[in-house]
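K.L.:
For the sequence shown, the working numbering begins at 7 and goes up steadily by one.
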Amino acid sequence: METILGLLFTLLWSSAAIAIKFGLNSTTPLALASIRFILAGTLMMIFVYGISRKYPMPTRKQFGPLIVLGLLNTTIYIGATLWALNYVSAGLFNLFVAANPFLVAFLSYIWLKRKISIKEWTGMGVAAAGLFIAVWPTLASAEGRLIGFLLLGVGMASMALGSVYFKKADLQLPGIVINAWQLSIGGAVSVPLAYFIEKDRFFLNVDAYLIGSMIWLVFVISIGSMLLWFYMLKRDAVKANNWLFMTPIFGYMLAAVLLHEKITSFDMVATMFVVTGLFLSGNIQLSPQKLLQARFQQGSLSRK
């Protein structure tokens, strides 16, 4: 079941880049992020406290960690990485994503005293090598500016800190409540940032690109994927972040289908490395018992 959830998360998470590409035809990056967070946060708040009314309000003590998570996982991470795409290629962005599990593992070792096995380090190393192979053609010809690299580093570090901090804070709140407040707080902070940074080049076209992008980014990514992400983080922050190794590979496949981008031999070799790395790290377990169990669960879900 963990393998199914991990693959589902990576497939959905990697689709965000495709939706963002469509959305950027209609507005600027930080404006796109702000609209997305405000819509998603508002909808979740309406559901949690207006429609359902069964979820608790955070206590005064819990608001501090919620603000930190909103800044780390929403404002800084998404804002920095989207802004960085103005300066560096998507291939380099994917390479930086691969660094996130290493950051989480290191921070978990320092902060949470979680022991990282040699098996896990080996698996992450093999997967990272695969991603390096995938982006090598782009890396070899890249002319990214220093500010782009710095922004990507800030974004990845922010996401890693958010993952570990979430585990450390151990908020006794449902994931849907945490996500509602995280998105609302992150969106509230993103609006003034977008204004000051993009006011000289801001534009907004309410067209099919923007509407389609918002529907996918709000409902599938910001709400659905983030709820799944919190569930995976509660189980194990390091293993959850290891699944990020697969997002660039899924991204290549989705881009080939939806954006008609070519899949190269580098991409295919990289896929082999990444899958091997996931096997070595223990994220994919396909013993006969696991296979039968997964198939039974898939069959049960399909009949519901």
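For glycine and all other residues, C-beta sits at the position ideal for the given N, C-alpha and C.
If you draw a straight line from the alpha carbon of ALA46 to that of GLN188, how long is it in whole angstroms?
P.N.:
Translated into the one-based positions of the sequence shown, residue 46 becomes position 40. Translated into the one-based positions of the sequence shown, residue 188 becomes position 182. In a straight line, the C-alpha of ALA46 is about 10 Å away from that of GLN188.
K.L.:
Taking 7 Å as the line, does the beta carbon of MET232 fall inside it for any heavy atom of the ligand GDP?
P.N.:
Inclusion of the ligand GDP in the displayed structure is not the case, the ligand content being empty and no account of it being possible.
K.L.:
Apply the 10 Å Cβ neighbour rule to SER40 and answer buried if 16 or more other Cβ atoms are within range, or exposed otherwise.
P.N.:
The residue given as residue 40 occupies position 34 in the sequence shown. SER40 is classed as buried because its beta carbon has at least 16 other beta carbons within 10 Å across all chains shown.
K.L.:
Roughly how many whole angstroms lie between the Cα atoms of PRO62 and SER228?
P.N.:
What you label residue 62 is simply residue 56 of the sequence shown in a count that begins at 1. What you label residue 228 is simply residue 222 of the sequence shown in a count that begins at 1. If I take the Cα positions, the gap works out to 21 Å.
K.L.:
Which term fits ILE191, buried or exposed, when burial requires 16 or more other beta carbons within 10 angstroms of its beta carbon?
P.N.:
Against the sequence shown, residue 191 aligns to sequence position 185. ILE191 should be labelled buried.
K.L.:
Note the first and the last residue of the continuous alpha helix (DSSP H) segment covering THR282.
P.N.:
Reading the sequence shown from its first residue, position 276 is the one you call residue 282. Per DSSP, THR282 belongs to the alpha helix (DSSP H) from 271-287.
K.L.:
With THR87 and MET252 assumed to form a contact (beta carbons below 8 Å), what rounded beta-carbon distance in angstroms separates them?
P.N.:
Taking the sequence shown and counting its residues from 1, one reaches residue 87 at position 81. Taking the sequence shown and counting its residues from 1, one reaches residue 252 at position 246. Contact flag wrong, Cβ pair sits at about 18 Å.
K.L.:
Which runs of the alpha helix (DSSP H), 4 residues or longer, sit entirely within the region 102-153?
P.N.:
Whole alpha helix (DSSP H) segments, 4+ residues: 106-113 and 124-147.
K.L.:
In the region 177-223, which residue ranges form an unbroken alpha helix (DSSP H) of at least 4 residues, counting only runs that do not cross its ends?
P.N.:
Those alpha helix (DSSP H) runs which fall completely within the region 177-223 and span 4+ residues are 181-204 and 214-221.
K.L.:
Taking 7 Å as the limit between beta carbons, can you name the residues of its chain near SER287, skipping five residues before and five after?
P.N.:
Along the sequence shown, one-based indexing puts residue 287 at 281. Once the five neighbours on either side are set aside, the close Cβ partners of SER287 are LYS125, GLU126, GLY129, MET130 and ASN248.
K.L.:
Compare the Cα-Cα distances from PHE99 to each of ARG241, GLY283, TYR258 and ILE52 and report the closest residue.
P.N.:
Counting from one through the sequence shown, the residue named residue 99 turns up at place 93. Selected option, being the one with the closest Cα: TYR258.
K.L.:
Run the CB neighbour count on THR81, radius 10 Å, all protein chains shown included, and call it buried at 16 or more, exposed below.
P.N.:
Walking along the sequence shown from the start, residue 81 turns up at place 75. Buried.
K.L.:
Between which residues of its own chain and GLY230 is the CB-CB distance below 7 Å, once the five residues before and five after are set aside?
P.N.:
Here residue 230 refers to the residue found at position 224 of the sequence shown. Within the same chain, GLY230 has close Cβ partners LEU18.
K.L.:
Going along the chain, which residues of its own chain have a beta-carbon closer than 6 Å to the beta-carbon of THR23, five neighbours each way excluded?
P.N.:
Counting from one through the sequence shown, the residue named residue 23 turns up at place 17. It should be pointed out that residue 23 corresponds to Ala in this sequence rather than to Thr. Only GLY257 meet the Cβ criterion.
K.L.:
Identify the continuous alpha helix (DSSP H) that holds ILE24 and give its terminal residues.
P.N.:
Residue mapping note: residue 24 aligns to position 18 of the sequence shown, counting from 1. That run of the alpha helix (DSSP H) goes 8-29.
K.L.:
Tell me, which residues are paired with THR87 by DSSP?
P.N.:
Within the sequence shown, numbered from 1, the residue matching residue 87 stands at position 81. DSSP, once it has assigned bridges, lists no residue as partnering THR87.
K.L.:
What distance in whole Å lies between the Cβ atoms of VAL132 and ALA243, which are believed to be in contact at a cut-off of 8 Å?
P.N.:
The residue given as residue 243 occupies position 237 in the sequence shown. The residue given as residue 132 occupies position 126 in the sequence shown. In fact, because the Cβ distance is near 20 Å, the residues do not count as touching under 8 Å.
K.L.:
Measuring straight from C-alpha to C-alpha, what distance separates TRP117 and ILE221?
P.N.:
Residue mapping note: residue 117 aligns to position 111 of the sequence shown, counting from 1. Residue mapping note: residue 221 aligns to position 215 of the sequence shown, counting from 1. Roughly 37 Å separates the two Cα atoms.
K.L.:
Which value, in whole angstroms, describes the spacing of the CA atoms of ALA166 and THR33?
P.N.:
By 1-based counting over the sequence shown, the position of residue 166 is 160. By 1-based counting over the sequence shown, the position of residue 33 is 27. When rounded, the distance between both Cα atoms is 28 Å.
K.L.:
Tell me whether the beta-carbon of MET162 lies closer than 8 Å to the beta-carbon of PHE102.
P.N.:
As a first step, residue 162 must be located in the sequence shown, where it is residue number 156. As a first step, residue 102 must be located in the sequence shown, where it is residue number 96. Yes, Cβ-Cβ distance for MET162 and PHE102 is below 8 Å.
K.L.:
Would you check if the distance between the CB atom of LEU72 and the CB atom of ILE153 is smaller than 8 Å?
P.N.:
Here the question's residue 72 lines up with position 66 in the sequence shown. Here the question's residue 153 lines up with position 147 in the sequence shown. No.
K.L.:
When DSSP labels each residue in this structure, what does THR33 get in the three-state scheme?
P.N.:
Locating residue 33 in the sequence shown gives position 27, where the first residue counts as 1. Three-state DSSP puts THR33 in a strand.
K.L.:
Is it right to say ARG59 is buried, meaning 16 or more other beta carbons lie within 10 angstroms of its own, or is it exposed?
P.N.:
Taking the sequence shown and counting its residues from 1, the one referred to as residue 59 is at position 53. With fewer than 16 Cβ atoms within 10 Å of its Cβ, ARG59 is classed as exposed.
K.L.:
To the nearest angstrom, how far is it from the Cα of ALA25 to the Cα of MET7?
P.N.:
Along the sequence shown, one-based indexing puts residue 25 at 19. Along the sequence shown, one-based indexing puts residue 7 at 1. Rounded to whole angstroms, ALA25 to MET7 spans 27 Å at the Cα level.
K.L.:
If PHE279 sits next to ALA186, beta carbons under 8 Å apart, how far is it from one beta carbon to the other, in whole angstroms?
P.N.:
Here residue 279 refers to the residue found at position 273 when the sequence shown is read from its first residue. Here residue 186 refers to the residue found at position 180 when the sequence shown is read from its first residue. PHE279 to ALA186, Cβ: 38 Å. No contact.
K.L.:
Any idea what DSSP makes of LYS60, helix, strand or coil?
P.N.:
The sequence position of residue 60 within the sequence shown is 54, counting from 1. Coil, per DSSP.
K.L.:
Could you tell me the distance, in whole angstroms, from the CA atom of TYR115 to the CA atom of ILE122?
P.N.:
Walking along the sequence shown from the start, residue 115 turns up at place 109. Walking along the sequence shown from the start, residue 122 turns up at place 116. Using only the alpha carbons, I get a separation of about 7 Å.
K.L.:
Could you have a look at LEU265 and say whether DSSP puts it in helix, strand or coil?
P.N.:
As a working note, residue 265 is residue 259 in the sequence shown. Note: LEU265 maps to coil in three-state DSSP.
K.L.:
What number of angstroms, rounded off, separates the C-alpha of VAL54 from the C-alpha of PHE43?
P.N.:
Translated into positions along the sequence shown, residue 54 becomes position 48. Translated into positions along the sequence shown, residue 43 becomes position 37. Their backbone Cα atoms lie some 16 Å apart in a straight line.
K.L.:
Using only CA atoms, which one of LEU14, LEU239 and PHE28 lies nearest to GLY218?
P.N.:
For the purposes of this step, residue 218 is identified with residue 212 of the sequence shown, where counting begins at 1. Among LEU14, LEU239 and PHE28, the Cα nearest to that of GLY218 is on PHE28.
K.L.:
So what does DSSP say about TYR93, is it helix, strand or coil?
P.N.:
Within the sequence shown, numbered from 1, the residue matching residue 93 stands at position 87. Residue state, collapsed to three classes: coil.
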